[in-house]
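Undergrad: After the structure tokens below, expect a handful of questions from me.
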Amino acid sequence: MKGYDLLDLAVRNLRQSKLRNGLTTVGISVGVASLVAMLSLGVGLQQLATRRLAGSGLFDTIFVTSRQDFRGFDREDDARTEHPEKAPVLDEDARTKITNLPSVTEVEPEIRVMGEVVANGETHFGFVTGLPMSARENEAFDSLKGKFFSGDNADEAILLLDFAKELDAKGPESLIGKEIILRYGERQALAPETNDRPQMNGAENTTESGDDYGFSVVRKEQPLRVVGIVDQEPYGGMRTVSRGRIFLPVRTTERLKMAQFTDMRSSLRSGGGKIYMTLTVRVKDPAKVQAVQDAINQMNFRTFSVLDATKSLRRFFTVLDLFLGIFGSLALAVATLAIVNTLVMAVLERRREIGVMKAIGASDQDVKKLFFTEAGAMGFFGGILGILLGLAIGKAINFGTAIYLTRRQLPAEPVWVMPPWLVGAAIAFSILVSLMAGLYPASRAARLDPVQTLKYE
Amino acid sequence: MSTQPRSSVTPAIRTENVTRHYPMGDGLIRAVDGISITIEQGEFVALLGQSGSGKSTLLNLIAGLDRPTLGTVLVHGRDLAKLTSEQLAQYRRNDVGMVFQAFQLISSMSITDNVELPMRFAEVDRDERAQRSRESLEQVGLGKRLDHRPSQLSGGEQQRASLARALANRPRLLLADEPTGNLDSRTGEDILNLIRELSLAMRMTVVMVTHERALAERFSQRSIYLADGKLVSEEMRA
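As they're listed, the protein sequences go chains A and B.
Count along the first sequence starting at 1, add 1204, and that's the number in this note's numbering.
Reminder that position 191 of the second sequence reads as 179 in this note's numbering, one-by-one numbering, no gaps.
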């Protein structure tokens, strides 16, 4: 029998017992809806957690240091490194190589220096740190008063609220748009003294910065416009750059040649060239962190990331999804029994009809396929109805959660998200489960003896 | 006792010592017990006998609805016992048309849909199916009742619809199991007249099970009498 005819006959047959088949289909749809609702809740919660983690700016970041430096801090790492003294340094070349790795979006040095702010004729001490433009996405800036930096080389500053209060206790926000003076130590390169030169190994490689020989620190002042005030430390206070009270665009801090504690280490190194103590590598997606970290390790640098948190989170959500899926499937399992019941009843009721069909030329396979198609059609319609019902449940969950969060002065966020693949997967699964439920009734119908069925009428 | 073929042309039906036994409790019911008959192409044959004589069982064996315990059933030279169940279904679909005492129309379908059903199994295209079902129903005089349900028709009309369904795939063999059993005598005669006309027009072989001797004598060319699953006598008409 042709596919179209099968479908046509199946739908006609289903319409014969509208109430019974309708109730069975609704049963399937409730099963599908509960499965969809549960899985979407799992997906929604996972996305919410991932979004929170991504917002913290910690889980997509790798900290890179040279194995030459900080030896003795990490014994395990020391044991792994055969000749740390021969390990490469974090120079401009290494920075370029890391920048060019796939999935890397940003490579910035961690800059934190001491400074003084002169405002209203008073001076206030504070640490100054350089923030990359990507810090805008950090959740700390969700509640930023004012604006973020207009560019990564702008003469602008964002102040920590506590520090702003120190500058202007009554109206810290009035500082936005005003100019402040930042007093800082500028690193100035020193030319080597004549009698030192012969002892300097590789001194001929002196670069433009001339930092390889030595430097002096000179007090400088730089006017900055306050563009914003932030009430919490960026990156959850977990990074070097978090612990600042005055934030500048990272390029501005580089341009101003602000003297850092670690410059001392650089000046001791022979061979020349600008080197970094720490580079912060930002990766497109927390899932890509491991691959990028491996690639940087291959380059023989020491790396550190907060990867394990996302790993265990994924594991947690896999288990959660599994359990939600199992609970969701329970209703579908009950619905499956309803399909078996409905079809077995149909076989009993339609014994004579099946006998007639066989007598006028239907094969066992035709009969089997017909019952299968009826089961599949119930699964299909049940699946579609289930998706709609699941969607309604999801909307209700999100609506309820939004009201709850808003009442607690928290931003409303969707906890229930139905990914598009779930729509197709749920309908396919519903059809598959229905076909499986149709196996027994279909083979029972196919096995009916036409002579017997036509005799008892 | 057996009938002999009367010509060298392959007979429409030939059974050789065909036997069908059913186990019943500890015993055995010998529904058909070693019957050998030959029916020529285009013949109209009546199978007669009391209830339980085995005439319907023999008809089911010829129809390929049942398989013999022993012996062979050859239809147009093909041994039905050697066919797979799929091939038997194909045989029923293309070579046989069946008419039943109780009409056996599917009550949830219109008579057009009923007539189209065997053509659906034979995978006939939709347009051709519609045309052929209309023609078949017109042939049996139901051209104006195409969309009626079986329950909206009289007994005679239902049997006509059932005949139209049997003829839908243009079979070479028409098997009728008590086609007049549920009809009054006049309607029964009308139906048999129709069967005779159509079988002549379509050159079909007809095997009819009946217990009404008078009808058999009037419409068939040959009557075969069965009792207790055995062939007891045969009556040929000129």
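Using N, Cα and C, we set each Cβ at its ideal position, and we do this for glycine too.
All values reported here derive from a predicted model rather than from experimental measurement.
1. Any contact between the stretch 1617 to 1630 of chain A and the stretch 1566 to 1575 of chain A? By contact I mean 3 or more CB pairs, one from each, below 8 Å.
2. What are the complete beta strand (DSSP E) segments, minimum 3 residues, inside the stretch 1496 to 1565 of chain A?
3. Within its chain, find whatever has a CB closer than 7 Å to the CB of A/V1544; leave out the 5 residues flanking it on each side and keep chain order.
4. Taking any Cβ of chain A, which residues in the stretch 74 to 85 of chain B have a Cβ under 7 Å from it, in chain order?
5. Within a Cβ cutoff of 6 Å, which residues of the same chain sit near A/P1623, ignoring the five residues on either side of it in sequence?
6. Output the distance between the C-alpha atoms of A/A1616 and A/T1228, rounded to the nearest integer angstrom.
7. Quick check on A/G1246: does DSSP put it in helix, strand or coil?
8. Just list the beta strand (DSSP E) runs in the stretch 142 to 223 of chain B, keeping only unbroken ones of 3 residues or longer that don't cross its boundaries, in chain order.
9. With a threshold of 7 Å on Cβ separation, who are the neighbours of A/D1525 within its own chain once the five nearest residues in sequence on each side are excluded?
10. Taking C-beta pairs closer than 7 Å, name the residues in chain B that A/M1205 reaches, listed in chain order.
11. Is the Cβ of A/A1581 closer than 8 Å to any Cβ of chain B?
12. Ignoring anything shorter than 3 residues, give me the beta strand (DSSP E) runs that lie fully in the stretch 1294 to 1368 of chain A, in order along the chain.
13. What does a CB cutoff of less than 6 Å around B/G59 pick up in its chain, not counting 5 residues either side in sequence?
14. Taking C-beta to C-beta, are A/P1427 and A/I1385 nearer than 8 Å?
15. Can you check whether the C-beta of B/S139 is within less than 8 Å of a C-beta belonging to chain A?
16. Would you call A/L1610 buried or exposed, if buried means 16 or more other Cβ atoms sit within 10 Å of its Cβ?
17. Can you tell me where the beta strand (DSSP E) with A/S1270 in it begins and where it stops?
18. For A/G1432, does the three-state DSSP call read helix, strand or coil?
19. Can the beta-carbon of A/Q1251 be found closer than 8 Å to that of A/V1485?
20. Output, in chain order, the set of chain A residues within a Cβ distance shorter than 8 Å of B/S98.
21. Pop quiz: A/A1581 and A/G1235 are said to be a contact at Cβ under 8 Å. What is the actual Cβ separation, rounded to whole angstroms?
22. Can you list, in chain order, the residues of its chain with a C-beta nearer than 6 Å to that of B/V112? Leave out the 5 residues immediately preceding and following it.
23. Let me make sure I understand the geometry here. Which of A/L1528, A/E1341, A/R1423 and A/L1593 has the alpha-carbon closest to that of A/R1391?
24. How many Å lie between A/A1407 and A/G1381 at the Cα?
25. Return helix, strand or coil for A/S1647, following the three-state DSSP convention.
26. Does any C-beta atom of chain A lie closer than 8 Å to the C-beta of B/F88?
27. Compare the C-beta of B/N48 with all C-beta atoms of chain A and state if any pair is closer than 8 Å.
28. Just to confirm before moving on: does the CB-CB distance between A/T1333 and A/F1451 stay below 8 Å?
29. Between A/A1550, A/R1459, A/V1430 and A/A1393, which lies nearest to A/M1468 when the distance is taken from Cα to Cα?
30. May I ask you to report which of helix, strand or coil DSSP gives A/G1583?
31. Could you check which residue in B/E205, B/A156 and B/R174 has the C-alpha nearest to that of B/G85?
32. What are the boundary residues of the alpha helix (DSSP H) that includes B/D101?
33. Is A/L1589 helix, strand or coil by DSSP?
34. Are the CB atoms of A/Y1388 and A/G1261 within a distance shorter than 8 Å?
35. Quick one: give me the first and last residue of the alpha helix (DSSP H) that A/M1622 is part of.
36. Checking the sheet assignment: what are the DSSP bridge partners for B/I25?
TA: For this structure:
1. They do not touch, by the three-pair rule.
2. 1505 to 1509
3. Counting from 1 along the first sequence, the entry for residue 1544 of chain A is found at position 340. If we look at A/V1544 and ignore the five residues flanking it on each side, its Cβ neighbours are A1641, Y1644 and P1645.
4. So the list reads E74, A77, R80 and R81, given in the order they occur along the chain.
5. Taking the first residue of the first sequence as position 1, residue 1623 of chain A is located at position 419. Excluding residues within five positions, the ones whose Cβ falls inside 6 Å are V1247.
6. On the first sequence, residue 1616 of chain A is found 412 positions in, with the first residue counted as 1. On the first sequence, residue 1228 of chain A is found 24 positions in, with the first residue counted as 1. Roughly 37 Å between the two C-alpha positions.
7. Along the first sequence, read from residue 1 onward, the residue named residue 1246 of chain A stands at position 42. The answer is helix: DSSP assigns A/G1246 an H, G or I state.
8. You should have 161 to 165, 193 to 198 and 210 to 215.
9. Here the question's residue 1525 of chain A lines up with position 321 in the first sequence. Counting only Cβ-Cβ distances below 7 Å, and skipping sequence neighbours, we find L1243 and G1246.
10. Indexing the first sequence from 1 puts residue 1205 of chain A at position 1. By Cβ distance, chain B contributes R108, F109 and E111.
11. In the first sequence, the residue the question calls residue 1581 of chain A occupies position 377. False, the Cβ-Cβ gap to chain B never drops below 8 Å.
12. 1308 to 1313, 1316 to 1323, 1326 to 1335 and 1360 to 1364
13. Position 71 of the second sequence, counting from 1, holds the residue named residue 59 of chain B. Correct list, in chain order: E4, N5, V6 and T7.
14. Residue 1427 of chain A sits at position 223 when you count from the first residue of the first sequence. Residue 1385 of chain A sits at position 181 when you count from the first residue of the first sequence. Yes.
15. Here the question's residue 139 of chain B lines up with position 151 in the second sequence. Chain A contact via Cβ: absent.
16. On the first sequence, residue 1610 of chain A is found 406 positions in, with the first residue counted as 1. Sequence inspection shows Thr at residue 1610 of chain A; the Leu mentioned does not correspond to that position. The residue is exposed, with fewer than 16 neighbouring Cβ atoms inside 10 Å.
17. Taking the first residue of the first sequence as 1, we reach residue 1270 of chain A at position 66. T1265 to S1270 is the span of the beta strand (DSSP E), which, as asked, contains A/S1270.
18. For the purposes of this step, residue 1432 of chain A is taken as the residue at position 228 of the first sequence. Correct three-state label for A/G1432: strand.
19. What you label residue 1251 of chain A is simply residue 47 of the first sequence in a count that begins at 1. What you label residue 1485 of chain A is simply residue 281 of the first sequence in a count that begins at 1. Against a cut-off of 8 Å, the Cβ pair of A/V1485 and A/Q1251 comes out as no contact.
20. In the second sequence, the residue the question calls residue 98 of chain B occupies position 110. The premise fails here: B/S98 is roughly 11 Å from chain A at the closest Cβ pair, so nothing lies under 8 Å.
21. Working through the first sequence from its first residue, we reach residue 1581 of chain A at position 377. Working through the first sequence from its first residue, we reach residue 1235 of chain A at position 31. At roughly 16 Å, the Cβ-Cβ gap does not stay under 8 Å, so A/A1581 and A/G1235 are not in contact.
22. Looking up residue 112 of chain B in the second sequence gives position 124. Cβ neighbours of B/V112 beyond the five flanking positions: none.
23. In the first sequence, the residue the question calls residue 1391 of chain A occupies position 187. Per the Cα distances, A/R1423.
24. The sequence position of residue 1407 of chain A within the first sequence is 203, counting from 1. The sequence position of residue 1381 of chain A within the first sequence is 177, counting from 1. At A/A1407 the pLDDT is 44, less than 50, meaning the model places this residue with poor confidence; the figure from the coordinates comes in the next sentence. Distance between the alpha carbons of A/A1407 and A/G1381: 46 Å.
25. As a working mapping, residue 1647 of chain A is identified with position 443 in the first sequence. Correct three-state label for A/S1647: helix.
26. Position 100 of the second sequence holds residue 88 of chain B. So, interface residue.
27. For this step, residue 48 of chain B is matched to residue 60 along the second sequence. Judged by the 8 Å Cβ criterion, B/N48 is in contact with chain A.
28. For the purposes of this step, residue 1333 of chain A is taken as the residue at position 129 of the first sequence. For the purposes of this step, residue 1451 of chain A is taken as the residue at position 247 of the first sequence. Yes; because the gap between Cβ atoms is below 8 Å, this pair is in contact.
29. Residue 1468 of chain A sits at position 264 when you count from the first residue of the first sequence. Cα-wise, what sits closest to A/M1468 is A/A1393.
30. Here the question's residue 1583 of chain A lines up with position 379 in the first sequence. Reduced to three states, the DSSP call for A/G1583 is helix.
31. As a working mapping, residue 85 of chain B is identified with position 97 in the second sequence. Per the Cα distances, B/A156.
32. Taking the first residue of the second sequence as 1, we reach residue 101 of chain B at position 113. Looking at the DSSP string, the run of the alpha helix (DSSP H) that includes B/D101 is I99 to F109.
33. The residue you call residue 1589 of chain A lines up with position 385 of the first sequence. Here A/L1589 sits in helix by DSSP.
34. What you label residue 1261 of chain A is simply residue 57 of the first sequence in a count that begins at 1. What you label residue 1388 of chain A is simply residue 184 of the first sequence in a count that begins at 1. Cβ distance not < 8 Å, so A/G1261 and A/Y1388 don't count as in contact.
35. The residue given as residue 1622 of chain A occupies position 418 in the first sequence. Where A/M1622 is concerned, there is no enclosing alpha helix (DSSP H), given that its DSSP letter is neither H nor E.
36. Residue 25 of chain B sits at position 37 when you count from the first residue of the second sequence. DSSP output for B/I25 lists B/T3 as bridge partner(s).
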